[in-house]
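In the working numbering, the protein residues as written are 5 to 83.
Virtual Cβ for every residue (Gly too), placed ideally from N, Cα, C.
Please read all numbers here as calculations on a predicted model, not as lab measurements.
Data first, discussion second: the structure below is written as structure tokens.
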Amino acid sequence: MALDTIKHRLVPKHSKVSEAEKEKLFSNYNITSRELPKIFINDPAIAKQSNFKIGDVIKIERESKTAGTTFYYRIVVGA
């Protein structure tokens, strides 16, 4: 029996950001894609999901008992 790491309760939800969301993100924070933190294409949190490719911006939704829901953004880079 293999463990599906994507569905583990401690792994936050990862989703692809649309082009409109990406432009809004860059505009709101006055940044470019080069200034975003990076996530490798072979990272276990996204490697099994085939809809991510290099250059995509990923939105990570984290739940916290103290902070509520927080969002983090990463750009997918090659390994």
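Going along the chain, which residues of its own chain have a beta-carbon closer than 7 Å to the beta-carbon of residue i, five neighbours each way excluded?
{"i": "I58", "result": "I45, V80, V81, G82"}
{"i": "Y76", "result": "I64, R66"}
{"i": "K42", "result": "R78, I79, V81"}
What is the residue span of the alpha helix (DSSP H) that residue i lies within?
{"i": "I50", "result": "48-51"}
{"i": "F30", "result": "23-33"}
Residue range of the beta strand (DSSP E) that residue i falls in?
{"i": "S19", "result": "17-20"}
Tell me, which residues are paired with residue i by DSSP?
{"i": "S68", "result": "G72"}
{"i": "I62", "result": "K20, R78"}
{"i": "K42", "result": "I79"}
Looking only at C-alpha atoms, which of the options sits nearest to residue i?
{"i": "D60", "options": "P16, V15, R13, A24", "result": "A24"}
{"i": "L14", "options": "K28, N32, A49, S54", "result": "A49"}
Apart from the five residues on each side of it in sequence, which residues of its chain come closer than 6 Å, Cβ to Cβ, to residue i?
{"i": "S37", "result": "I79"}
{"i": "H18", "result": "A49, I50, I62, I64"}
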